[in-house]
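Protein chains in written order, with my numbering: chain U, 1 to 437; chain H, 1001 to 1437; chain L, 2001 to 2437. Even glycine gets a Cβ: it sits at the ideal position worked out from N, Cα and C. The next block holds one structure in the form of structure tokens; read it before the comments.
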């Protein structure tokens, strides 16, 4: 439960708010690389933390996000021309189609052909321009103070070769914090993503899917939070036979990254939850394998909504299963072989989170011991935003070296001294991807 | 005409308002029985007086309306599982699919499988649960103080055998009071529901439909309001030949029931106008015959928008004729054989009422003598709400015995002493339906 | 750039605002004649300057705009019957279908059949009725004080025979001032309406369309504003060879009329930008030839979105190219033969203007020397509205004789003494259309 004020503090990420200022200190995933497929391609609209922008890859391959409205008369630069060597001035840049004003990717107005050649007016025109970079199939933007710009993130999924990774993006009609809380809410896995057959052991039909049996033997895991310099570890401990514990370890990295524990040797799942504005966000969903290329069967499944991915409208990134069609819940399925009746793990989560309202009323929730990680993430974000507003130097989690982590699971003896120490190795990203650093 | 304050007072039915408190003292029709077709069927969403609820028929057949948001993290219980004997705990109840919290129909949290077995957390969790019952093809809910719960209504249409009744439901985009005022506005019948042929006696084409000729000989009836313990009678008196009056008697029962006078020996029409929120309501429309089963011809007609019924979208209950298609007005028809050009009596009313805006500005209307019943109903509702807020014991119309009434029409001698006494018999519901009380 | 207050002052045209009062002193184009095709036809809805009205052509052919809401219970008179000689009272007028109240086109209630014949209630009922007239394929309304009603406009396009004129109407989702500013923004023509082939002289594909070569040799014309009694002239001067200037002269007439310069001997283009409410407007687009009937090829082209016209939804007048489909921008076309990639001149303008937002933030624009006409029009409108609010007698541009003007273009010697004097003849409307005045 949060006070009304704390709930607003946590969820308001517009420019000038403490949370908005905090999040602007990090590189932000905003687009799939394929949305800007090649140098000189058309610009695309991107709203980030409430700011209306256009993303551009100029003819030289340079990336940036620029303010959407041309400062002259405020028309959208979405319609602009991405010009190159064959333009009259031969320079890379974005030219507004209304009166021909042209900007480079640093935000300088470099041409103003509707004013007399002698005019110096253009020298006084500057637009907001945020630096952008590409890594791991994603375009990242930095919207904070120039002097504080950190190194680009080195999350393992962003470092592996492209063939070992699948990234998808979907629009969710909730605040980013609400979506992220779903990503670190480990206890719902035993319910929402189980199926009716598993839940009720007497039923004949079963499909264990990717869920380990450990999840089903103990639906009330005990949660342990281990703070780290980059965020925290969530250890979910379940009984596993008389003398062992089954541990599932979720990673949470500042300010919005989560890694889901994988079972056996399959791909690892990861997310980034990025505010579009205060009432919607993009979920970047990543499946990657640290050791081998994804198989075509895996990729094909992800493309069709398998695992943590969803099938979305190509233009808007809104999933085809949505509130207006009740996420295609199938009540017959729900009463027989599926727990929720909603097809797909991702969409089960979305249905839950969107049904809370766009910004859930956290003054009226009733958290239990299983919600420890949610409480910890809120405290960490609010605390770091307050510290930064109070003059603190720099928030945590900006050092790329600290981001070289994974999630995982393990069966440990009940009398093991420390689950943290005992799982250090399985939580480390593969060092070969950081050879040069 | 109402003052701005009185208009707000009349139309605001949210929890904690005087009008909201008044209406919560009555049983409220909320669903057609067929929306919850059998024990254990999936829950359905229902918004009533501004409160977001889910309606449930549990495996034991018990009915209730529960708050929509699970108190844990506020996800919608619309997605919940309606569990029974084959559930792990074997108990009837609604289980949230997110983390498995389960509620019985009294609102108790009876299972919390994601918390340790030793936890007593669930004993502190209680959700809003309103008792519901079924009668007359309709599910009714009581949302008032438990100690004030009245007996279930005994309106004649709710007491006759099912074969003698047809009930439909449609969503109207206006405040309930506005819809109800249409139901007691007797003088519009001679116009809106007439047809061009009737209005203009020189035209060749005529279709008297179900309208008695009495309505057409005198379009300016004189209205008499006779207060009763349950509401009031509306007597509309028209000349009928030199020495007789034609009386049409509409019944209005607290707080939103109307009975339309029938002609000859056909089915009787009745309505209930129930607030969804302050800007929309459900119109329950009932055609019933007190003496015989409805014929298949009658039922078939009702199903296709005949009489007071409308054809609606199956999911939303919004009529297919709607504002966005101008209610399918046919201007050629309007200029020839139909007065309004809008197909269907119900939709003629809807077109008028929705065109006033969702909450009509009653500070800017000009009521005449024909609006006497509308004035009386407003005064009655406002007066009873004020009295209740001021500490009065109980509003009127709660005694089921008082609800055994009908509408009707009669031709009386002009010198009859009392239209009320002279019509006592035709206004009485059939006593055989109350044999046991 | 305007202050926040001035921007509100300029764009708020509701009743009782200074700008609203100013605009109500002029005849206002509201409908195409074909929307009220014949005497006694059904009424149509029309919102003008924020007021909800219905437009009526009664059986006698008289035109008026009446308030939409019947004063009795506020239902819409859109559904009303347009009655004539075969009505019971034999009088022309609009009868509300709810209770039969009937109004003549001066706003008098002339029948109230649901009240007793002896009632005088109707004598106290009066509705808002604005006089309307027809000229030039358009229906015009006057919504100002009766004693200030001016003569009907005599714009040349409204005076020529019907065969010489094509008028279309489209709904634009911006304030009227923003749309009008597009109409007098002469410098964008060299960019937005050029094509990529023209802009880049090295490309092979070219299509000069209707653009004169003068526009392309000099993209930074110098603007001269010449105030007149009816508005002002905009002279755009471009170099044209070593010793000549190419002049394009746009006419702006109070309060919202523009005439586009024509090239060679084709039809002249003209617009009227009329507020529906503060966030939308109707653009009336006119192509007319002062000397000859339009050819069927011309008319056919206009009908399919050629020149300044757009293809619109028949019911709503919203263009089929719209924000939700990005105005059907074709990025391949944009990178090859078209400057904007948006099909059609009109839709290029709409895309720009709607992308600014419904009411552009004029506190955050950066106007250059090419925006002189925009600055002048704002000053003129704001100045005249202030003067009128301050008690001035009458705004400018109301004398029809002053409206007999045209736009045009000319090549003048660089040493000509006065571009205004030198173009007097080509700017005059043809006197034969004013023979009777």
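Query: Beta carbon proximity, residue 2116 of chain L to chain H, threshold 9 Å; Result: yes
Query: Buried versus exposed, by CB contacts within 10 Å (16 or more), residue 7 of chain U; Result: buried
Query: Chain L contact for residue 1326 of chain H (CB, 9 Å cutoff); Result: yes
Query: Partners in chain H for residue 365 of chain U, counting only beta-carbon separations shorter than 8 Å; Result: 1071, 1072, 1073, 1074
Query: Residue 1331 of chain H in three-state terms, based on DSSP; Result: helix
Query: Buried or exposed by the 16-neighbour rule on C-beta atoms within 10 Å, applied to residue 1136 of chain H; Result: buried
Query: Under 8 Å by beta carbon: chain U residues contacting residue 1317 of chain H; Result: The premise fails here: residue 1317 of chain H is roughly 16 Å from chain U at the closest Cβ pair, so nothing lies under 8 Å.
Query: C-alpha gap between residue 2003 of chain L and residue 2353 of chain L, whole angstroms; Result: 20 Å
Query: Short CB-CB distance (under 9 Å) between residue 3 of chain U and chain H; Result: no
Query: Buried versus exposed, by CB contacts within 10 Å (16 or more), residue 2188 of chain L; Result: buried
Query: Within-9 Å CB hit, residue 1280 of chain H to chain L; Result: no
Query: Where residue 1147 of chain H falls, given that 16 or more other Cβ within 10 Å makes a residue buried; Result: exposed
Query: CB-CB length for residue 1029 of chain H against residue 1274 of chain H, believed under 8 Å; Result: 6 Å
Query: Presumed contact (8 Å Cβ cut-off) between residue 50 of chain U and residue 95 of chain U, rounded CB distance; Result: That belief does not hold up - the Cβ atoms of residue 50 of chain U and residue 95 of chain U are roughly 27 Å apart, past 8 Å.
Query: Alpha-carbon to alpha-carbon, residue 183 of chain U and residue 284 of chain U; Result: 12 Å
Query: Cβ-Cβ distance between residue 1031 of chain H and residue 1055 of chain H below 9 Å; Result: yes
Query: Extent of the continuous beta strand (DSSP E) run through residue 2367 of chain L; Result: No beta strand (DSSP E) holds residue 2367 of chain L; DSSP gives it neither H nor E.
Query: Selected residue, minimal CA-CA separation from residue 1250 of chain H, among H:1013, H:1426, H:1053; Result: H:1426
Query: Alpha carbon of residue 1121 of chain H to alpha carbon of residue 341 of chain U, nearest angstrom; Result: 28 Å
Query: Inter-residue Cα distance where the pair is residue 2261 of chain L and residue 2409 of chain L; Result: 6 Å
Query: Beta-bridge partners of residue 2412 of chain L, as assigned by DSSP; Result: L:2245
Query: Buried or exposed (CB count within 10 angstroms, at least 16 for buried), residue 243 of chain U; Result: exposed
Query: Residue of H:1253, H:1052, H:1097, H:1066 minimising C-alpha distance to residue 1395 of chain H; Result: H:1253
Query: Rounded C-alpha distance that separates residue 2083 of chain L from residue 1327 of chain H; Result: 21 Å
Query: Inter-stretch contact at 8 Å, needing at least 3 Cβ pairs: the segment 1420–1434 of chain H / the segment 2103–2119 of chain L; Result: no
Query: Beta-carbon proximity of residue 369 of chain U to residue 345 of chain U, cut-off 9 Å; Result: no
Query: Contiguous beta strand (DSSP E) assignments of at least 3 residues, all confined to the segment 1110–1149 of chain H; Result: 1129–1135, 1138–1142
Query: Neighbour flag for residue 2121 of chain L against chain U, beta carbons, 9 Å; Result: no
Query: 9 Å Cβ cutoff, residue 1125 of chain H in contact with chain U; Result: yes
Query: Residues within the segment 362–391 of chain U neighbouring chain H, beta-carbon criterion of under 9 Å; Result: 362, 364, 365, 366, 367, 368, 369, 370, 371, 374
Query: Cα-Cα separation, residue 1237 of chain H to residue 2123 of chain L; Result: 24 Å
Query: 9 Å Cβ cutoff met for residue 1287 of chain H and residue 1309 of chain H; Result: yes
Query: Residue 1060 of chain H versus residue 1139 of chain H - alpha carbon distance; Result: 16 Å
Query: The segment 1065–1074 of chain H touching the segment 356–367 of chain U, judged by at least three CB pairs closer than 8 Å; Result: yes
Query: Whole-angstrom distance between residue 314 of chain U and residue 280 of chain U, CA atom to CA atom; Result: 18 Å
Query: Reduced DSSP secondary structure (H/G/I, E/B, other) of residue 257 of chain U; Result: strand
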